[in-house]
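A quick write-up on the structure given underneath.
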Ligand code: SF4
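Residue numbers (our numbering), protein chains in the order written: chain A, 932 to 1109; chain B, 138 to 639.
See below:
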């Protein structure tokens, strides 16, 4: 093990530059985030992932955010184990009727201020599961959504892009450093 | 005479069913099949319903012969198979919840998948009722001095799919685990009915995201069987290439994640890098990191050029260079082995009884791989070893994955060397038919069954995830382990929630 650790100290890091920010995201968000909240949070956001009936594809790419290439934590994002510690709920899936109550309870357990991000095409409008007897058909039918990150699944770069836009809106918008 | 042939002869053959025979039988033969299952002479590949009947796919344990028997249920009932053969219990409960057909004599009449939230009962049945279930779910009792319960989920503490686990523990030691699933039930089988092939293929590729390629291949092969066509050779080889990349990515991710659940993050970090390299290469070659929607009935949609082939060769070189050091790291870290060896032991006899596929079955002595038998192209022309172990613990399931990583690397090499030319797909006739396919995903064998109408639309499609026969075994494997080892055991099984819940 020492050998492996030692070698890795001298390997160049794999971590990549942050992606270019998408102006549309920033604009969508700016309207929803108030200044008081920005001040309180500083430059760190705790994320709680909630699978509301995804196919698990979105989860795979959310996991990838923690690998050495994307290294989500260097931006101040952290996945936390409890909604009570979370600022952001990252929700996947078309919201199955069987998960709806658990999702609502998770949202209620998350302290204010909080943001809800809908990840993936299913969370946007139910995707190809829309119309089924078993799904609500999109996250906005159940919770107020602050940001949609589309894709099936969105790539880690797209996820990162969305989260960084959220972070910028939350903590770096003009006036937030008062 | 093989007993499946005998069973089928006692019913009336449905000539349109391909490639394996299907017979419509009477309740006596159906019950006879349950007895054969109980005796271990045949294993259960799948048990599913439709509005007015039930079907059971069987495989003879000795010869590997496969057949399907069907039973009409004009009065909404069928003899319970679960009464004699426990692996049939959950599929039967699901049939009851979705189609309203009663398994007569079942030892477990509780609903499955239906949580009383759909606004109706038996939504896919002949006469859906608009009343919902309202009684609370009755967990099985576990009584005794000093026992306490721990309820976990459906929302878990990580980036994991939702499900509920009810532990009964004596101090640290688990005496019973009971799973309650169905939280991700999306009603996919309902959406399939009436869908055209394009939409149905899309749905099939979204049943379990980590196995999107394997599902697309399984569904496509069942449609091809129903229509009596074959995909062109190049399509077969490209499908296998994508399937092996998918297997590679998932196994690399799992090996790291299991070690991480024993708090050995170093393995996770390095395995995640290799996994990411596989996904990036897949993205370059096929235009999608998970290679979703690249396989469809008739063939594939993506081709490789020279640059892609060099990218794949570079990927193989990189993994071959880095992976052995990780295997050594695993094998020489005594504190890690201390967590994985003898933990979560699954008895070979149970793996056999449940016909458990993938690393769960092969880690407990069940020597089965759908790529080898019944087999499908191009694997009949490729060389690969199917690893099997008897030790049945978390360590065994890790080693099966390690050996399969090696096997997939070699398969990809062979595919790149011998990839035939020619068209990527063949056109589909518009016709009715029935087809079935068995395809090996990274998790185990996926069964696809489809019936098409004369317009080529799906009348009924059933896709059985390997997890159906693995989830119940996790309950058995965890018994006697400590609560803190549950994540480790669970990850070593890595069952699909979405694939199971549909
Ligand atoms: S958006 Fe796509 S990848 Fe994500 S959960 Fe839905 S089907 Fe799966």
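Cβ coordinates follow ideal geometry from the N, Cα and C atoms, glycine included.
Note that the coordinates shown come from a computational prediction; the quantities given were computed from them, not determined experimentally.
Who are the Cβ neighbours of residue 393/B in its own chain at under 6 angstroms, not counting the five residues just before and after it? 404, 405, 408 and 409
Residue closest to residue 227/B, alpha-carbon to alpha-carbon, out of 244/B, 214/B and 212/B: 244/B
Of all Cβ atoms in chain A, is any one closer than 8 angstroms to the Cβ of residue 153/B? no
Using a 10 Å radius around the Cβ and a threshold of 16 neighbouring Cβ atoms, would you call residue 339/B buried or exposed? buried
Can you tell me the Cα-Cα spacing of residue 266/B and residue 212/B, whole angstroms? 16 angstroms
So does the region 348 to 360 of chain B actually touch the region 554 to 574 of chain B, counting three or more Cβ pairs closer than 8 angstroms? yes
Give a single yes or no on whether residue 1052/A has its beta carbon closer than 7 angstroms to a heavy atom of ligand 3. In the structure shown, ligand 3 is absent; the only ligands present are ligand 1.
Say yes only if the C-beta of residue 1084/A is nearer than 7 angstroms to one or more non-hydrogen atoms of ligand 1, and no if none qualify. yes
Determine the direct distance from the alpha carbon of residue 609/B to that of residue 230/B, and round the result to whole angstroms. 13 angstroms
Check residue 346/B in the structure and name its three-state DSSP category. helix
Can you list, in chain order, the residues of its chain whose CB lies under 8 angstroms from that of residue 552/B, leaving out five sequence neighbours each side? 374, 377, 378, 381, 515 and 519
Alpha-carbon to alpha-carbon, residue 278/B and residue 284/B: 11 angstroms
Establish whether the CB of residue 994/A and some CB of chain B are separated by less than 8 angstroms. yes
C-alpha distance - residue 1010/A paired with residue 411/B, whole-angstrom precision: 22 angstroms
Any non-hydrogen atom of ligand 1 within 7 angstroms of residue 985/A CB: yes
Kindly identify the DSSP beta-bridge partner or partners of residue 598/B. 587/B
If the cut is a Cβ gap below 7 angstroms, which residues of chain B does residue 1086/A touch? 426
Pull out every residue of the region 1019 to 1031 of chain A whose Cβ sits closer than 8 angstroms to any Cβ of chain B, in chain order. 1024, 1025, 1027, 1028, 1029, 1030 and 1031
Can you have a look at residue 549/B and say buried or exposed, based on whether 16 or more other CB atoms are within 10 angstroms of its CB? buried
Give the residues of chain B in contact with residue 1092/A, contact being defined as C-beta atoms less than 8 angstroms apart. Near residue 1092/A there are no residues of chain B at all, since even the closest Cβ is about 15 angstroms away, more than 8 angstroms.
Taking Cβ positions, are residue 334/B and residue 292/B nearer each other than 8 angstroms? no
If the cut is a Cβ gap below 9 angstroms, which residues of chain A does residue 255/B touch? 1028, 1029, 1064 and 1065
Below 8 angstroms, can you find three or more Cβ-Cβ pairs linking the region 1026 to 1046 of chain A to the region 1070 to 1081 of chain A? yes
Can you name the start and end residues of the beta strand (DSSP E) that residue 1049/A belongs to? 1046 to 1050
Taking the CB atoms as reference points, tell me whether residue 193/B and residue 205/B lie closer together than 8 angstroms. yes
Expressed to the nearest angstrom, what Euclidean distance is found between the alpha-carbon atoms of residue 399/B and residue 309/B? 17 angstroms
Taking Cβ positions only, does residue 629/B come closer than 8 angstroms to chain A? no
With respect to 7 angstroms, is the separation between the Cβ of residue 338/B and the closest non-hydrogen atom of ligand 1 below this value? no
May I ask which residues mark the beginning and end of the beta strand (DSSP E) holding residue 559/B? It is not in any beta strand (DSSP E) - residue 559/B carries neither H nor E in the DSSP assignment.
Does the beta carbon of residue 990/A come closer than 8 angstroms to any beta carbon on chain E? Absent here is chain E; the protein component of the structure consists of chains A and B.
Look at the Cβ atom of residue 315/B, then the Cβ atom of residue 543/B, and state whether they are nearer than 8 angstroms. no
Closer than 6 angstroms by C-beta to residue 150/B: which residues in its own chain qualify, once you throw out the five before and the five after it? Chain order, please. 160
Apart from the five residues just before and just after residue 614/B, which ones in its own chain have a Cβ nearer than 7 angstroms to its Cβ? 481, 482, 483 and 626
In the DSSP assignment, find the unbroken alpha helix (DSSP H) run with residue 443/B in it and report its ends. 443 to 469
Taking 8 angstroms as the CB-CB limit, is residue 270/B close to chain A? no
Counting only beta-carbon atoms, is residue 965/A nearer than 8 angstroms to chain B? Any reading at residue 965/A needs caution, since the residue's pLDDT is 48, under 50, leaving its predicted position unreliable; the model's value is listed next. So no, residue 965/A is outside the interface.
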